[in-house]
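Note sheet for the following structure.
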Amino acid sequence: MTARQRVALLALPDDEAMVVRYHGLGTDDLAAVTTARTPATRLGYALQLCALRYPGRHLRRGELLPATMLDHIAEQVGVEADVIADFARRTPTRYDQLAVIKARFGFRDLSRPLRTDLMTWLTREAETLVDGRVLLDRLLTQMRARRIVIPGLSVVERMAAEAMHRADAAMVAGIDADFGVDMRARLDALIDDKVHERQSRLSWLREPTPRVSSSSLGEILEKVAVIRQTGAMDFAVGPRHEPRLQQFAREGIRYTAQAFQQMRPSRRRVVLFATLREMDATLTDAAIAMFGALVGRAHLRARKRLEQRVAASGREGRERLARVASVLKAMTRAARSGADIALAVQAIAPLETIETDASIIRRSASPHKSDVLKEIAAEHRTFKRVGPVFLRAFDFQGRPRTASLRQAMTILADLGGDGRRALPSDPPLGHLERRWLRHVQTSGGIDRTHWELATYSALADALASGGIWVPSSRTHRSLAVMLAAPPGVSSHPAFSLGDPHAWLEERSARLDRPLREVAGNLDGRDPALFAGDRLRFPKEGNAGDHDDTRPLALACYGMVPTTRITDVLSQVSRWTGFVEHFGHVSTGLPPADERAFLATLIAEATNLGLSRMAEVCGVASRRALLRMQTWHMREETFRAALACLTDAIHAEPMAAWFGPGHSASADGQAFYLGGPGEAGGAVNAHYGRDPVVKIYTTVTDRYAPLHQAVIAGTAGEAIHALDGILGHDSDVDLTALHVDGGGVSDIVFAVMHLLGLRFEPRIPRLSDRRLYAFEPPRRYGRLAPLFGRRLNRDLIVGHWSEIEPVIAAMRDRTVTPSLILRKLAAYRQQNSLAAALREIGRIERTLFTLRWFEDPGLRRAVTAELNKGEARNGLARAVAFHRLGRFRDRGLENQKTRAAALNLVTAAIILFNCRYLGRALDELRRQGRPIDPAMQAQLSPLGWDRINLTGDYVWSNHLDLGADGLMPLLDEPYRESMSR
């Protein structure tokens, strides 16, 4: 533990709520207190009694008592608090009283028999825990309950550590004994095996997923097979061991083969077993994702071939039409002159050519849609070999309606891609979409190529939507398993959406009233607002343009001292202790060398890389920086550190001027990929021809970064809109979310409303969106052409009970919103659960559209909040400037680390600016300069001109800090700025 954590464990309560909770004196307590003769001894008696109860220890000689605790106890005893000074001077009296209190109230010192008894209980508790601090808290709580006086902290720390060690050793010995001789041999062989001279088999298993290809999928499936040959996936363990095995997996995924070889044999095998289970789930997800990408690529390539064919036929068509025109012209001339028409036609082209032209033109003129599936047969080679291997590798389960698909999958797996083996005479067709049928069912029977491709396509859709699932996967499990709380997690308060009929009556009335009001008021509005049977939404000016604020911003930033990014992070760490949240995977201890850790953080955030940072920072070698990255930087540690900085930003007085602190905005920012990273990206035509990834970041209205997610360059943003507002660890209480066009969907509208949150997006082309109501459109007069079909009450009521657990799982953070929304978005339109959620979302979107039309203030507020997120993206771009701002990380995990580091560093800069801008404004006021509150609210903490981000990554040995721990403000730049 850190020094701060150690002090807090047995600290006297200084919070009023805790003092009232733990230090209340009952009738018997006060009766015992009155046995003391003087006010000083009575107060001393009560203080010692309360300290023995909580925190459960003796008062130390000369200890400073919290004023809240002292006043509360003195008030109950009926004496003045300052009499404690007399009691503190009499050591014999204090010890005599302590002995009396222990005897009267049954407090006991920690004797050897008590310690033995406690250790037995503590070892049992340790079996299901991996965090020693949690075990230590339980031990302290148990000792207080048993009225055992807590000795020095080092004693109970050693007891907890010993219990953790015993539980660890017992579990390792038990599991290793159950492995059996053969399985132990296979696990040992995996450590010693090599792919080639310079790579171990274990290292090969952990290699990032390469680019999308059938050979890449084959390699992933080969890795899955290697893991399963060890028997690890067939070995069952009890649920009590799961937490510790998960901890072993977190450690094992970072160990090299050499590190495994240095462990004791039994521990090595158990840690490897846990690691292989984790890797199997990761590789299963990677294989399913790769399979889906291959199916998507097959359709994309078919579409491109169709476009090329259409373009080529267009050129040929122009030539064909010109030839037919010449034939017609020749026939006309011959007919008028009485010449031989046949000879005239043959002079243009042979009759066979003209007959072919006529047939093609007749076929082209017939009404039909361009069919991509005509061109997809060439993609069969991608799946011919690897497809059956994929089907045999996993246990695919599904809903009853997928029975036809699962039967077809069994047939494909049995055929094994062998074209010499025939299909059954009546292969299942129930899983095929209508658009496939005319290609599968031909006059000559079943077209095997199209049947197989249709089956693989249906499987990809079913995996995406949750109709088919794989139990060993993390992200492709059954919906019921995803929504269920994991075992051992404390239950949340029951969640209910209430009566659906009452909800529908309320929403129907709320929807009908504003629709009739808008329809009735159209004649009195500007005609331009309703033209062409559409609502027209006036564009708001750029809420971020405040030229009149520029002099004040220049004055304030001019007073901020110029600082290196290294010193900025050191100061922020001193203020907040955010580095302490980066606990070691194994021990939980924070980084021993803070500067080495911060250098690693800067290397990730600025896109510099560890090798180059080791050369320029002068605080650690590349290996030392790599250790910091490997053992301290994880998703959960980044999340905790970011929450720490978010709370610190919201606590700054300056930040309160930027917003009330209850809303957030989310926006995606594209980063180009370069070098090895290009293999992991996707090309989005909106950003050009280079592959990109997007970082989708959520920012509060006080500019505090709240959450980030790395998503594919072509991925929709809507499914990730809720992750930030529901998945952060900070104490910020958010009630509203603003997003731009990419984050909008009807399902997001529905989920936000059912969670009791406001969803206020800026919807692109809102004039083209349909309105919805429960009543007939004619009820709303001139608005009638804007309506889609009537809302379906029965659909919502019929699936209310299914919607409830989905919303509850998101609220309780049982499932990541983007994961469940991705499945709902992948459902076909006729899927009833998704359709019911969309129906609810259409109600809320219609209500929001009316608000947006009626309320210019709402339009300005949403635009202003979205501008904050876009401005923060500018700061992020400035920080991650190395290597031309291109990410070269090959794996998604590395990209996530870089994105999290970038978000954390921008949060630190924002906090730094908030604190110094606040001081600058205070200095301006002290000097008599008037500050317009409206201008102060328009300042931004996103400036980086005073922070050296580029290349100078060394630390100042002696920062000029004042008594408040801050650098002094500058005067000269301030005067220059005010004179402009």
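Residues are numbered in the numbering used here as their position in the sequence shown, beginning at 1, plus a constant of 1468.
Think of the CB as a built atom: it goes at the ideal place given N, C-alpha and C, for glycine as much as any other residue.
Would residue i and residue j be called neighbours here (beta carbons separated by less than 9 Å)?
{"i": "PHE1728", "j": "ARG1718", "result": "no"}
{"i": "ALA2073", "j": "ARG2366", "result": "yes"}
{"i": "TYR2171", "j": "HIS2188", "result": "no"}
{"i": "SER1941", "j": "THR1677", "result": "no"}
{"i": "ILE1552", "j": "CYS1518", "result": "no"}
{"i": "ALA2293", "j": "GLY2195", "result": "no"}
{"i": "LEU2263", "j": "ALA2304", "result": "yes"}
{"i": "VAL2167", "j": "PHE2139", "result": "no"}
{"i": "PRO2121", "j": "GLY2386", "result": "yes"}
{"i": "ILE2288", "j": "PHE2217", "result": "no"}
{"i": "LEU1768", "j": "PHE1851", "result": "no"}
{"i": "PRO1895", "j": "ALA1876", "result": "yes"}
{"i": "ASP1577", "j": "LYS1570", "result": "yes"}
{"i": "ALA1932", "j": "ARG2414", "result": "no"}
{"i": "ALA2368", "j": "PHE2106", "result": "yes"}
Alpha carbons only, please: which of the options is nearest the one belonging to residue i?
{"i": "HIS2175", "options": "THR2114, GLY1530, VAL2330", "result": "THR2114"}
{"i": "PHE2355", "options": "PRO1895, LEU2141, GLY1898", "result": "LEU2141"}
{"i": "PRO1619", "options": "MET1651, ARG1654, LEU1582", "result": "LEU1582"}
{"i": "THR1870", "options": "GLU2083, ARG1916, TRP1937, PHE1862", "result": "TRP1937"}
{"i": "GLY1546", "options": "ALA1499, ASP1882, SER1579", "result": "ALA1499"}
{"i": "VAL1488", "options": "ILE1828, LEU2334, ALA1504, ARG1521", "result": "ARG1521"}
{"i": "GLU2086", "options": "ARG2063, VAL1792, GLU2103, LEU2069", "result": "Residue identity differs from the one stated: residue 2086 is Gly in this sequence, not Glu. Nearest C-alpha to GLY2086: ARG2063."}
{"i": "PHE1858", "options": "LEU2076, SER1683, GLY1898", "result": "SER1683"}
{"i": "ALA1657", "options": "LEU1670, GLU1665, ARG1666, HIS1664", "result": "LEU1670"}
{"i": "ARG1860", "options": "GLU1690, GLY2353, ARG2090, SER2424", "result": "GLU1690"}
{"i": "ASP2420", "options": "VAL2036, VAL2028, ILE1659, ASP1967", "result": "VAL2036"}
{"i": "ALA1952", "options": "LEU1566, LEU1983, VAL2283, ALA1812", "result": "VAL2283"}
{"i": "ASP1599", "options": "VAL1813, MET1701, THR1800, VAL2053", "result": "VAL2053"}
{"i": "SER1893", "options": "TRP1904, ARG1903, HIS1899, ILE1879", "result": "ILE1879"}
{"i": "VAL1840", "options": "ALA1970, ALA1757, GLY1764", "result": "GLY1764"}
{"i": "SER2269", "options": "ASN2335, LEU1965, VAL2422", "result": "LEU1965"}
{"i": "ALA2376", "options": "ALA1948, SER2041, GLY2256", "result": "SER2041"}
DSSP beta-bridge partners for residue i?
{"i": "ASP2473", "result": "Absent from the structure is residue 2473, since the part of the chain shown begins at 1469 and ends at 2448."}
{"i": "ILE1914", "result": "GLN1909"}
{"i": "LYS1662", "result": "SER1668"}
{"i": "HIS1899", "result": "Answer is none; HIS1899 lacks a bridge partner."}
{"i": "ASN2260", "result": "None, per the DSSP bridge assignment."}
{"i": "GLN1865", "result": "TRP1937"}
{"i": "ASN2425", "result": "Per DSSP, none; premise fails for ASN2425."}
Measure the C-alpha to C-alpha separation of residue i and residue j and round it to an integer number of angstroms.
{"i": "SER2213", "j": "PHE1716", "result": "40 Å"}
{"i": "ARG1771", "j": "HIS1907", "result": "16 Å"}
{"i": "ALA1742", "j": "LEU1713", "result": "5 Å"}
{"i": "GLY2192", "j": "GLY1887", "result": "49 Å"}
{"i": "LEU1480", "j": "ARG1652", "result": "51 Å"}
{"i": "SER2286", "j": "ALA1613", "result": "43 Å"}
{"i": "THR1923", "j": "VAL2047", "result": "51 Å"}
{"i": "LEU2407", "j": "PRO2019", "result": "11 Å"}
{"i": "ARG1708", "j": "THR1596", "result": "5 Å"}
{"i": "ARG2237", "j": "ASP2199", "result": "37 Å"}
{"i": "ALA1549", "j": "ASP1539", "result": "6 Å"}
{"i": "ARG1572", "j": "LEU1586", "result": "23 Å"}
{"i": "ASP1882", "j": "ARG1889", "result": "10 Å"}
{"i": "ASP1482", "j": "GLU2391", "result": "33 Å"}
{"i": "ALA2348", "j": "ASP2208", "result": "23 Å"}
{"i": "ILE1688", "j": "ASP1863", "result": "16 Å"}
{"i": "ASP1661", "j": "LEU1905", "result": "49 Å"}
{"i": "TRP1919", "j": "ARG1679", "result": "27 Å"}
{"i": "THR1591", "j": "PHE1575", "result": "24 Å"}
May I ask you to check if the CB of residue i is nearer than 8 Å to at least one heavy atom of the ligand ATP?
{"i": "HIS2426", "result": "The model depicted lacks the ligand ATP and carries no ligand whatsoever."}
For this session: Could you tell me which uninterrupted alpha helix (DSSP H) segments, each at least 4 residues in length, are contained entirely in the stretch 1487-1524, listed from first to last along the chain?
Result: 1495-1501, 1507-1521
Problem set entry | Any alpha helix (DSSP H) of 4 or more consecutive residues that is wholly inside the stretch 2168-2213 | 2189-2195
For this session: Jot down the residue ranges of each uninterrupted alpha helix (DSSP H) in the stretch 2070-2094, minimum 4 residues, whole runs only, in chain order.
Result: Those alpha helix (DSSP H) runs which fall completely within the stretch 2070-2094 and span 4+ residues are 2078-2085.
For this session: List in chain order: all unbroken beta strand (DSSP E) runs of 3+ residues lying wholly within the stretch 1610-1697.
Result: 1662-1664
Exercise. Which ranges would you report for the beta strand (DSSP E) in the stretch 2367-2442 if only whole runs of at least 3 residues count?
Worked result: Entirely contained in the stretch 2367-2442, not one beta strand (DSSP E) run reaches 3 residues.
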